Amino acid sequence: MNFQKQVAVILGISILFGASFNLLRDTGIPWKSIPIEKVDETKAIEDNFDEPSIREIGLEVAKSLQSNGILFVDARAEEYLEDGYIPGAIANDDTETLSQQVATLIGFDKVFVIYCSDDDCGSSEELAYELQEFGFNNILVFKGGWKSWLEAGLGVEHRE
Amino acid sequence: MIRFLLGAIFIYASYDKILDPAKFARDISNYHIIPFGLENTIAIILPWLELIIGLGIVFGVCIDANVFISGGLLISFIILILQAILRGFDIECGCGLKDGDMVGWSKIIENFLFIGACYIIHESKARMLEFYPKSSL
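So the protein lines, in turn, are chains A and B.
Just so we're aligned, residue 0 is where the first sequence starts under numbering that gives the first Met the number 0, counting upward by one.
Just so we're aligned, residue 0 is where the second sequence starts under numbering that gives the first Met the number 0, counting upward by one.
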């Protein structure tokens, strides 16, 4: 078998194994990624959800939810919180401890918001999926994050 | 020795990604460069490619082809990490070697070392435990 054929065989076997394993497993993923649903209005957010959901919100909805006392979770590493955070937000580098804090504060079905540094930061979405595995059903990801909150000139809190 | 080490690294890197392709797809998505929703496609196939490359290198099957593909993958990883650094992304690299490993210059150096290992393996005349088919570029 010449070199080119070997490369083709290796690639072909990888595709075959990858596709088969994905098809057969319970936790297979779709071939094309689907972006998380975006919610543009506060009234579209139900306080309790029967099925686990992760949805995206922008600055306006985040502002409205924060002023209504909805819990915010800061997904940034704790060292970044020295610069400030959204008022009332909680944070913990240990996800298990964080999940216990959230559960104690609001339970598993009430909506809460996770944010990180900015639109390009993936920590908020990653934390959302981790917390979903702990049993939380109604998670919103504020994509603009800390940067858009600051740029809008909104109130911030600092650690004492 | 370098051959077995490189192969083992690829096998190890593939493990978590095979177990949790959804997480790997999210890591890929954080680079903000893959178009058309192909993050999932890559997340389904790439870990298996790494596993098969690793096994091939360790067990001496199609070493040259596997090392060639490894080198190509490593160059791609360097480009991805470099663009993430230049764009200021503070994201996990998705390399599969260490939990919470972030993109940074150390990852680029690490990948260059792996490319060096690929080159040494390819240029090496002595091939311990290399099985049929022997290949040549």
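Think of the CB as a built atom: it goes at the ideal place given N, C-alpha and C, for glycine as much as any other residue.
Small disclaimer: the values here were computed from a predicted structure and weren't measured.
What residue from the options has the CA that sits closest to residue i's CA?
{"i": "I10 of chain B", "options": "B:I114, B:A42 and B:E49", "result": "B:E49"}
{"i": "W148 of chain A", "options": "A:S116, A:N136, A:F133 and A:F135", "result": "A:S116"}
{"i": "W145 of chain A", "options": "A:V155, A:D108 and A:A7", "result": "A:V155"}
{"i": "A64 of chain B", "options": "A:E150, A:N137, A:L10 and A:E55", "result": "A:L10"}
{"i": "L112 of chain B", "options": "B:P20, B:G103 and B:G70", "result": "B:G70"}
{"i": "V140 of chain A", "options": "A:G83, A:S19 and A:E36", "result": "A:E36"}
{"i": "A83 of chain B", "options": "B:G103, B:Y14 and B:I43", "result": "B:G103"}
{"i": "F2 of chain A", "options": "B:F67, B:L37, B:C94 and B:I90", "result": "B:F67"}
{"i": "I77 of chain B", "options": "B:G87, B:K106, B:L54 and B:D98", "result": "B:K106"}
{"i": "V60 of chain A", "options": "A:Y79, A:E150 and A:K142", "result": "A:K142"}
{"i": "F135 of chain A", "options": "A:Q100, A:E159 and A:H157", "result": "A:Q100"}
{"i": "K193 of chain A", "options": "A:E95, A:P86 and A:T26", "result": "Chain A is shown from 0 up to 159; residue 193 of chain A falls before or after that span and cannot be answered."}
{"i": "G53 of chain B", "options": "B:A116, B:K97 and B:E122", "result": "B:A116"}
{"i": "S123 of chain A", "options": "B:D26, B:P20 and B:L5", "result": "B:D26"}
{"i": "E159 of chain A", "options": "A:G83, A:E50, A:S66 and A:T94", "result": "A:G83"}
{"i": "D100 of chain B", "options": "B:I80, B:I1 and B:I114", "result": "B:I80"}
{"i": "N223 of chain A", "options": "A:A151, A:D119 and A:A102", "result": "Look at the range of chain A in this structure, 0 to 159, and you will see that residue 223 of chain A is not part of it."}
{"i": "R24 of chain A", "options": "B:D98, B:D19 and B:I51", "result": "B:D19"}
{"i": "D53 of chain A", "options": "A:L130, A:L153, A:A151 and A:G152", "result": "Per the sequence presented here, residue 53 of chain A reads as Ile, with Asp not at that position. I53 of chain A has its Cα closest to that of A:L130, out of A:L130, A:L153, A:A151 and A:G152."}
{"i": "E40 of chain A", "options": "A:Q65, A:I56, A:W30 and A:S32", "result": "A:I56"}
Provide the residue(s) that pair with residue i in DSSP beta bridges, ordered along the chain.
{"i": "F35 of chain B", "result": "The partner list for F35 of chain B (beta bridge, DSSP) is empty, contrary to what the question assumes."}
{"i": "E161 of chain A", "result": "Summary: the structure shown does not reach residue 161 of chain A, with chain A confined to residues 0 through 159, and so no result is reported for it."}
{"i": "A137 of chain A", "result": "The residue asked about is misnamed: residue 137 of chain A is Asn in this sequence, not Ala. N137 of chain A pairs with A:S52."}
{"i": "Y114 of chain A", "result": "A:D73 and A:F141"}
Taking residue i and residue j to be in contact with their CB atoms under 8 Å, please state how far apart those CB atoms are, rounded to whole angstroms.
{"i": "I69 of chain A", "j": "V112 of chain A", "result": "6 Å"}
{"i": "A160 of chain A", "j": "E77 of chain A", "result": "In the structure as shown, chain A starts at 0 and stops at 159, and residue 160 of chain A therefore has no counterpart that could be examined."}
{"i": "N29 of chain B", "j": "G121 of chain A", "result": "4 Å"}
{"i": "Y128 of chain A", "j": "A74 of chain A", "result": "Incorrect: roughly 11 Å between the Cβ atoms, too far for contact."}
{"i": "A42 of chain B", "j": "I28 of chain A", "result": "7 Å"}
{"i": "A12 of chain B", "j": "C94 of chain B", "result": "6 Å"}
{"i": "I62 of chain B", "j": "G55 of chain B", "result": "7 Å"}
{"i": "F133 of chain A", "j": "S98 of chain A", "result": "4 Å"}
{"i": "I74 of chain B", "j": "I1 of chain B", "result": "So it is not a contact: roughly 18 Å between Cβ atoms."}
{"i": "I90 of chain B", "j": "W47 of chain B", "result": "Between W47 of chain B and I90 of chain B the Cβ distance is about 23 Å, and since that is not below 8 Å, they are no contact."}
{"i": "I51 of chain B", "j": "I12 of chain A", "result": "6 Å"}
4-residue-minimum alpha helix (DSSP H) runs that sit fully inside the region 12-92 of chain A, ordered along the chain: Segments of the alpha helix (DSSP H) lying fully in the region 12-92 of chain A: 58-66.
Of all the residues that make up the region 26-46 of chain A, which are near chain B by a beta-carbon distance shorter than 9 Å? From the region 26-46 of chain A, only T26, G27, I28, P29, W30, K31, S32, I33 and P34 have a Cβ closer than 9 Å to chain B.
List, from N- to C-terminal side, the beta strand (DSSP E) runs of 3 residues or more that fit wholly inside the region 71-132 of chain B. Listed in chain order, there is nothing to give.
Which of the residues in the region 38-55 of chain B, read from start to end, lie with their CB under 9 Å from any CB of chain A? So the list reads E38, N39, T40, A42, I43, I44, L45, P46, W47, L48, E49, L50, I51, I52 and G55, given in the order they occur along the chain.
May I ask you to list, following chain order, the residues of the region 137-153 of chain A that have a beta carbon less than 9 Å from some beta carbon of chain B? Going along the region 137-153 of chain A in chain order, one finds no residue with a Cβ nearer than 9 Å to chain B.
Output, in sequence order along the chain, the residues in the region 77-105 of chain A whose CB is closer than 8 Å to any CB in chain B. Residues are counted here when their Cβ sits less than 8 Å from a Cβ of chain B; for the region 77-105 of chain A the count is zero.
Contacting positions in the region 86-99 of chain B - beta carbon closer than 8 Å to chain A: Of all residues in the region 86-99 of chain B, only R86, G87, F88, D89, I90 and E91 come within less than 8 Å of chain A when Cβ atoms are compared, listed by chain position.
Chain A contacts made by the region 55-71 of chain B, where a contact means CB separation under 8 Å: When C-beta distances to chain A are compared with 8 Å, the residues of the region 55-71 of chain B below that value are G55, C61, D63, A64, N65, F67 and I68, in chain order.
Where the region 112-124 of chain B meets chain A: residues whose CB sits under 7 Å from a CB there: If you check each beta-carbon in the region 112-124 of chain B against every beta-carbon of chain A, none falls closer than 7 Å.
When you check each C-beta in the region 21-40 of chain B against every C-beta of chain A, which residues fall closer than 8 Å? Here the close residues are A21, K22, A24, R25, D26, S28, N29, H31, F35, G36, L37, E38, N39 and T40.
Taking a cut of 7 Å between CB atoms, which residues from the region 52-78 of chain A lie near chain B? Among the residues of the region 52-78 of chain A, none has a Cβ less than 7 Å away from any Cβ of chain B.
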